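Throughout, the working numbering is defined as the position within the sequence shown, counted from one, plus 46.
For every residue, glycine included, the Cβ atom is placed at its ideal position computed from N, Cα and C.
All values derive from a computational prediction rather than experimental measurement.
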Amino acid sequence: MADRFNKVLLLDGRGHLLGRLAALVAKQVLLGHKVVVVRCEGINISGNFYRNKLKYLSFLRKRMNTNPSRGPYHFRAPSRIFWRTVRGMLPHKTKRGQAALDRLKVFDGIPPPYDKRKRMVVPAALKIVRLKPTRKFALLGRLAHEVGWKYQAITATLEEKRKEKAKLRYSKKRTLRPRSQNTQMF
47 MADRFNKVLL LDGRGHLLGR LAALVAKQVL LGHKVVVVRC EGINISGNFY
97 RNKLKYLSFL RKRMNTNPSR GPYHFRAPSR IFWRTVRGML PHKTKRGQAA
147 LDRLKVFDGI PPPYDKRKRM VVPAALKIVR LKPTRKFALL GRLAHEVGWK
197 YQAITATLEE KRKEKAKLRY SKKRTLRPRS QNTQMF
């Protein structure tokens with residue numbers, strides 16, 4: 047029983063819808079699972095990009111009148127925007143909610159401890175499954191870049207390097223362990 051909760055769920059955020067993925071992640075961390083979400087810049091938001099940008103710019107205008115440094119805080123990084131979305135679905139002002147939020151880790155790109163591990167997707171939150179093909183959508187990375195996230199180019203170059211390394215690692219793995227002829231798929 048305890049072994050089930052020690053396992054870390056490694057989710058790839060690319061191609062998922064923001065709210066649906068956040069709801070599923072919030073439920074898992076409340077149940078006691080550790081969840082890591084990578085490639086948050088690839089998360090999609092349903093609706094036109096310009097409309098989503100106007101909504102976020104309107105959110106940026108909301109601040110404390112007497113002392114703006116007291117909050118609300120407006121995160122610019124896609125990972126932190128996703129983190130805040132999940133936080134809104136948790137009772138984060140209670141001990142239980144804080145403990146759940148501590149079990150969540152979010153990243154832009156795929157950092158080294160997780161780049162060699164198998165990543166999972168959530169079919170119930172995939173854009174390709176949930177949205178009609180004609181519907182418009184916005185990328186969280188582009189939205190974050192246009193509201194002040196400064197690391198889009200750096201994240202993109204690091205992702206290219208990671209993909210090259212992964213391709214080399216995969217080709218090396220294929221040469222070391224060739225597939226036998228008599229294995230069946232089904």
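- Counting other Cβ atoms within 10 Å of its Cβ, Thr201 reaches 16 or more and is therefore classed as buried.
- A contact between stretches requires three or more CB pairs, one per stretch, nearer than 8 Å, and the stretch 175 to 185 meets this requirement with the stretch 87 to 104.
- Three or more Cβ pairs closer than 8 Å define a contact, and the stretch 156 to 174 falls short of that threshold against the stretch 124 to 134.
- According to the DSSP assignment, Val83 belongs to no alpha helix (DSSP H) but to the beta strand (DSSP E) extending over 80 to 84.
- A Cβ-Cβ contact shorter than 9 Å links Val75 with Val81.
- If the five residues before and after Ile156 are omitted, its C-beta is found closer than 7 Å to the C-beta atoms of Val84, Arg85, Arg208, all from its own chain and listed in chain order.
- Phe128 carries a helical assignment under DSSP once its states are collapsed to helix, strand and coil.
- Close CB contacts of Leu67 within its chain, under the 7 Å cut and outside five residues either way in sequence, are with Gly59, Ile89, Val168, Ala171 (chain order).
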